[in-house]
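Chains as they are written, first to last, in the UniProt record's numbering: chain A, 1 to 747; chain B, 1 to 177; chain C, 1 to 313.
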């Protein structure tokens, strides 16, 4: 390499006053800021790096935050030793800087007040806001019991508040990540294999020979290590089979794209089972050794031939056979991916069961290139008194869904609506780290419940839509400005990561651990918060685990050896699966006993009426749900969602790319804002598609306000999974309006 | 030494991490970009092809922007990297007009800006920010004069294309197809 | 169906969806530069031929326009720079491959000469306003004595200036509309034609008017020929060039191009000048002004339409 200009400037800048002199000379001509900047860049580029793990999504990749000498955050780079990201963050993680820099952030506590008959927020001190919360909470606790205080939460802040709620005796806790997201697959897989899939999914994608994605769109969801391993799998020549009515990014990387008719996935999977069993290409040894209920399964699927499925799914029998054989030939290094957001049609646990059964037939659970046995290390609990035992909580509230394993948000919310037979009255609600108006369907129910509440607190970093419903809004600092729980990853081998503040909290924002502690002390449960800084908790825990904060500051991620045995099945001896029978349960007695189908069945789901299109929604790789829409860096990449419309539909309705339209759903709910059409072959003629998380109604989100449509507001028909309470959201249909329906109304 | 970038379109998912990584690495102002993602869809449902590509300055071997620059602010290093020296640039716009890839833009401070292949990182032995961050590892960077480099090997063994080759600029960003 | 879109990034200010890098000042500058080139060429040529006495407008009165045109042009050019206070960087280097560079240098030489040229005629043009300083009078005399030398310099310099205004655009391979070898000669001929038109406007004698009427007519015919040639070249060109040509012959610039440049700016004045030479009574100012407007519109059309044409996106 020859001497470059940049180098030249660098050397002379370092060397002598010559450049300083010429810089002054240049100043006569006005801006020489560029030279100044170059000098600065090259002389003073001494970045400090601080260990953290990302909070822009739930994947929690470990990373380094780089700050310059002035203490401003310049960039965030993945931690090379982290099994969640292998040193490469996704766009949202890289753009996490924008979460810190966003000038629209919540800056001070806000309290609802009435000025001239109009409700508004006024700025308040932390003292005042916390006192108000504590006195309201204490009042409700005395009158109705601590159980009437409910928490809906997500992510790292949720953990601290969960601790607070459990300290004062409430277990009325739920998160959208369960009933609005991955709940059904956890139920379906634990019924079959005895354990949850969990996060990150223990899919051995990097070593797989065949990856089957059913409605899962890796690449549009940036579940980091999954995306990376899928790329490795492509390099290794793995076959990818994608089942999706939409031509997703993953579909474009696939050898087989099965353009399935929406809501018919179970039929396809039953036909696959039929082929595997009929053609005798399933993993006989594995089934014989580890599974029960094979004969019932064989009997059950005997009539579900590819020809039968063709009429339902629209996928040719030949294609079904070919793909089944492809899976069998890759067996056991094959993955029927459990997916993540799987609350679709209300029979989602059964669909997850079908996936689990297919994995069992292919012998992939506990096999290289299939699913590995994940392991994590337990982080010792910081000493605190035992939690009191609430009289009721999420379990009782969700009791009619026998296999719900976590709180069901919608059920908890329903408890806020007063009625005669409501045994579990919820009086106050705290929402932390989740924008429930965009994460929980059925806005009418939500608003009715919120209306009935005595008191509502929202904790967030941004003025999300949900903050508009609160009585008190607390500004949380971002993950870059705080300590949080140690992240213990469930992975091929156990590892931990720490989150250390790179800078002090901006504005008057505070970390959630501090908020929890302050409220706790005011409510008389200070004993549960026996520390002045959360740093002490981490220090203590790290010490117990044989490391230290000093060490973690330097390495960010620490690995521990496996203790639970090998990563794959030890096939020389017997293996006990954590199910009732100790075997993989193809036929589920548990379901049978509860009155559900012991084997998955295909049920027909509603289809769009004339003039209506199924509303499908998904992810864009540069956004996390609705929380990143206002992030300056990520908004720069994608500032609004588009409505994907098939060219055939566009021709009938006379739609053009870029045209603004409004949507009306089957329940006559009209979208608040408009959306721009994208005419594309990537979507079926019977559905439309949009990326979830746009159409923000809060004006304080200066970049995101009014951009695109919020799909969740159009999801008013919910198909509830009777097994675990998941809210199936893919059965909503919209018609496209080309005229502004709000012409005469103010938004 | 002749630097080149090779991008595997079979792996790229268009996540745009390269775009935001460039933005934070190079202090590119919000609203501007030195690299970007394009999407091309061909065919009819259900026989469709989709190509996602990360695009940027092609650091052309035959760089028209360097030729037309009246002050020498746009220049090419011996390793092939085309750079703009901000304090030699008068903002005449000739190089912007000359670029068949429209890869240059006017920085809000007035000078012309574009991808540098993260020249400042290369000097420290690091890869360009976009390459180092890509979650699909679809981007490769190296020396085409070295026949054993990863990029040379890829171009030897895989089918590839360049963008607008008819413009005759000999672009040095290659796309594996 | 084929679809091409940006997933992210782009929408760069002034770049997308089409370039808006060069604005009206550049078009104006190209016009004024061409005009000055034409005027200085004729002044130089008449002087070298020793016919100053016969054609006083060409050497004397019209040449007042050139320093003004050049100054305004340079101001316009400067106005369109986005990193203005570094403009002096132009004169720290000569870059042979950059038309902009040698254009800047030619301007640096020809602009002072155009001022000196006018100054050499100072007492003839402004007989009422005596120069107050003896040194200035001496300087004027010195210049007067060197007019022929200046004229020798002006002829090549003005041709370079005229050609340069076209080559500035045609050197850009990336803009298919501009990228043809005809643009240099076309802009030179157009510049000469606007120069001749200006001389016709300012000429007092019938003889001078007629000479430049003939010259202008010949230049217009030549210009029309070059435009046909340019379009034929594009018609036989690659897809991007065909698209570029479409802008002129069947697109948003067709009206401007055919209406103002070809019909009003070339064909109409050609007919009028021809008739006038044949003895019809026609105020010569009319074709001359039409030529000037046509020349100006040609620059605006070419600069704006050229920036719409691109290879990708």
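The C-beta atom is built at its ideal place from N, Cα and C for all residues, glycine as well.
Quick one: complete beta strand (DSSP E) runs, 3+ long, within the region 580-647 of chain A? 613-618 and 642-645
Taking the alpha-carbon positions, what's the residue 173 of chain A to residue 46 of chain A distance? 45 Å
Determine the chain C residues that contact residue 42 of chain B at a beta-carbon separation under 7 Å, and present them in chain order. 2
Using DSSP bridges, identify the partner residues of residue 690 of chain A. A/617
Between the CA atoms of residue 211 of chain C and residue 179 of chain C - distance to the nearest angstrom: 34 Å
Starting from residue 475 of chain A and walking both ways along the beta strand (DSSP E), at which residues does that stretch end? 472-475
Considering only residues of the same chain and omitting the five flanking positions on each side of residue 158 of chain B, which have a CB-CB separation below 7 Å? 176
Please list, in chain order, the chain C residues whose beta carbon lies closer than 8 Å to that of residue 10 of chain B. What residue 10 of chain B touches in chain C: nothing, since even the nearest Cβ is about 17 Å away.
Taking only the alpha-carbon atoms, compute the straight-line gap between residue 70 of chain B and residue 231 of chain C and give it to the nearest angstrom. 29 Å
Minimum Cβ-Cβ distance from residue 501 of chain A to chain C less than 8 Å: no
Residue range of the unbroken alpha helix (DSSP H) whose run includes residue 109 of chain C: 99-120
Whole-angstrom distance between residue 108 of chain A and residue 389 of chain A, CA atom to CA atom: 35 Å
Please name the residue, chosen from C/221, C/224 and C/248, that lies closest to residue 234 of chain C on a Cα-to-Cα basis. C/248
Below 8 Å on the Cβ atoms is my contact criterion, and I expect residue 451 of chain A with residue 112 of chain A to pass it. Report the Cβ-Cβ distance as a whole number of Å. Residue 451 of chain A to residue 112 of chain A, Cβ: 13 Å. No contact.
Below-8 Å beta-carbon distance, residue 646 of chain A vs any chain B residue: yes
In terms of alpha-carbon separation, which member of B/65, B/3, B/34 and B/103 lies closest to residue 17 of chain B? B/34
Output, in sequence order along the chain, the residues in the region 668-683 of chain A whose CB is closer than 7 Å to any CB in chain C. 680 and 681
Taking Cβ positions only, does residue 8 of chain C come closer than 8 Å to chain E? The structure shown contains no chain E; its protein chains are A, B and C.
Leaving out five residues before and five after residue 775 of chain A in sequence, what residues of the same chain have Cβ atoms less than 7 Å from its Cβ? Residue 775 of chain A is absent from the model: chain A starts at 1 and stops at 747.
Rounded to a whole number of angstroms, what is the C-alpha to C-alpha distance between residue 127 of chain A and residue 210 of chain A? 57 Å
Beta carbon of residue 167 of chain C, beta carbon of residue 41 of chain C: below 8 Å? no
CB of residue 154 of chain A within 8 Å of CB of residue 177 of chain A, strictly: yes
DSSP three-state label for residue 118 of chain A, please. strand
From the DSSP output, read off the bridge partner residues of residue 112 of chain A. A/121
Excluding the 5 residues preceding and the 5 following residue 329 of chain A in the sequence, name in chain order all residues of the same chain whose CB lies nearer than 6 Å to its CB. none
Within 10 angstroms of the Cβ of residue 295 of chain A, are there 16 or more other Cβ atoms? Answer buried if so, exposed if not. exposed
Ordered along the chain, which non-local residues of its own chain (more than five positions away) have a Cβ less than 6 Å from that of residue 261 of chain A? 313 and 314
Could you tell me whether the Cβ of residue 636 of chain A comes closer than 8 Å to any Cβ of chain B? yes
Quick check on residue 4 of chain A - is its C-beta less than 8 Å from some C-beta in chain C? Because the pLDDT of residue 4 of chain A is 34, which lies under 50, any placement of that residue in the model is unreliable, and the number read from its coordinates should be weighed accordingly. By this cut-off, residue 4 of chain A is not an interface position.
So, residue 729 of chain A versus residue 344 of chain A, is the Cβ gap smaller than 8 Å? yes
If we count Cβ pairs, one from each stretch, closer than 8 Å, do we get three or more for the region 211-220 of chain A versus the region 238-245 of chain A? yes
Under the rule that 16 or more other beta-carbon atoms within 10 Å means buried, what is residue 101 of chain B, buried or exposed? buried
Cutoff 8 Å: residue 61 of chain B Cβ touching any chain A Cβ: no
On the premise that residue 288 of chain C lies in contact with residue 197 of chain C, defined as a C-beta separation below 8 Å, what is that separation, rounded to the nearest angstrom? 4 Å
Residue 321 of chain A lies in the beta strand (DSSP E); which residues open and close that run? Taken as a continuous stretch (DSSP letters only), residue 321 of chain A belongs to no beta strand (DSSP E), being part of the alpha helix (DSSP H) at 317-330.
Using a 10 Å radius around the Cβ and a threshold of 16 neighbouring Cβ atoms, would you call residue 738 of chain A buried or exposed? exposed
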